[in-house]
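Residue numbers (our numbering): 106 to 149.
Idealized CB from N, CA, C, for every residue including glycine.
Fair warning: this is a prediction, and the values are worked out from it, not measured in the lab.
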């Protein structure tokens, strides 16, 4: 293509980026905690 597309996440304000990172971190953290505390269902 003849035009260069900017990375949309790079042009957002810093505060908005920090909020998004915190949300993603919280989501990942919840998944890890759930995985570590759930009962294993593959043990015979």
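- What separation, rounded to the nearest whole angstrom, lies between the Cα atoms of residue 114 and residue 122? 8 angstroms
- Message: Please report the straight-line C-alpha distance between residue 125 and residue 134, rounded to a whole angstrom.
- Response: 14 angstroms
- Message: Can you give me the C-alpha to C-alpha distance between residue 151 and residue 116, rounded to a whole angstrom?
- Response: Here the chain has residues from 106 to 149 only, and residue 151 is not among them.
- Message: Please report the distance separating the alpha-carbon of residue 132 from that of residue 140.
- Response: Distance between the alpha carbons of residue 132 and residue 140: 12 angstroms.
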